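Numbering (our numbering), first residue to last: 60 to 228.
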């Protein structure tokens with residue numbers, strides 16, 4: 060399974076989505092951007108997408124929803140460690156209030172992984188993200204058996220937030 064993403068104006072993104080109504084495509088807004096996310100076993104319908112292979116999955120991505128994308132640049136040596144740590148995160152989140160779906164996205168053509176979570180609302184995501192058990196904010200996750208930090212990141216991670224448009228928007 061692959062995920063492809065592209066950005067553009069709301070009108071243009073809506074047009075692309077409407078033209079491919081038979082595909083699994085989500086339209087979302089956030090940070091001044093409109094994004095289309097296409098999940099498929101086939102090829103991308105976008106001309107210049109960001110490309111990812113889904114290596115961890117839980118639940119179905121649906122509309123409506125709130126989406127958080129944690130973007131983490133990982134060294135080549137660190138990729139197996141990172142994937143092992145986060146492949147089954149969705150299963151760990153399944154009983155969290157408001158949690159809907161999860162994808163661990165391995166980048167194709169870059170070094171930046173995306174941990175995509177979907178929630179019913181922002182408030183419930185924030186409760187989880189700020190909780191002590193959230194491993195995305197736990198700096199001790201990447202320690203070796205002797206307690207030394209494993210340096211697997213090439214830059215600071217960042218998070219982007221999106222939500223699917225509703226009738227009120």
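Glycine residues also receive a C-beta, built at the ideal position from the N, C-alpha and C atoms. Please read these numbers as outputs of a predicted model, since none were measured by experiment.
Which residues DSSP lists as bridging residue i, in chain order
i           : result
residue 110 : 63 and 167
residue 231 : What is shown of the chain runs 60 to 228, which leaves residue 231 out entirely.
residue 97  : 63 and 84
residue 177 : 126 and 160
residue 145 : None, per the DSSP bridge assignment.
residue 89  : 92
Short CB-CB distance (under 9 Å) between residue i and chain B
i           : result
residue 181 : Reference to chain B is not applicable here, since this structure consists of a single protein chain.
Outcome for residue i when other beta-carbon atoms lying within 10 angstroms are tallied against a minimum of 16
i           : result
residue 121 : exposed
residue 62  : buried
residue 60  : exposed
residue 56  : What is shown of the chain runs 60 to 228, which leaves residue 56 out entirely.
residue 210 : exposed
residue 182 : exposed
residue 69  : exposed
Nearest neighbour of residue i, chosen from the options [CA to CA]
i           : options             : result
residue 223 : 126, 64 and 91      : 126
residue 103 : 132, 64 and 71      : 64
residue 192 : 99, 95, 166 and 151 : 151
residue 136 : 170, 145 and 157    : 170
Range covered by the beta strand (DSSP E) that runs through residue i
i           : result
residue 152 : Looking at the DSSP string, residue 152 is not in any beta strand (DSSP E); the run it does join, the alpha helix (DSSP H), is 148 to 152.
residue 220 : 217 to 222
Where residue i falls: helix, strand or coil (DSSP)
i           : result
residue 73  : helix
residue 135 : coil
residue 104 : coil
Residue i: first and last residue of the uninterrupted alpha helix (DSSP H) it sits in
i           : result
residue 183 : 181 to 188
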